[in-house]
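A.B. asks:
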């Protein structure tokens, strides 16, 4: 997010403000599952 790069492992959680510049990428050839939760303050 922003200028930083984060790698999430299985069962980890990442929280960020949606207004921050971000991009979600699966950097493997394996299937990935993403569960996205948007809070009321974002909606």
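Residue numbers (our numbering): -16 to 26.
Beta carbons: idealized from backbone N, C-alpha and C, even for Gly.
May I have the straight-line CA-CA distance separating residue -3 from residue 15, to the nearest angstrom?
C.D. replies: Roughly 15 Å separates the two Cα atoms.
A.B. asks: Do you know how far the Cα of residue -7 is from the Cα of residue 11?
C.D. replies: Between residue 11 and residue -7, the C-alpha separation is close to 13 Å.
A.B. asks: Distance, Cα to Cα, residue 18 vs residue 7?
C.D. replies: If you take the alpha carbons of residue 18 and residue 7, they lie about 12 Å apart.
A.B. asks: Please identify the residue among 1, 22 and 23 whose C-alpha is closest to the C-alpha of residue -15.
C.D. replies: The option with the nearest alpha carbon to residue -15 is 1.
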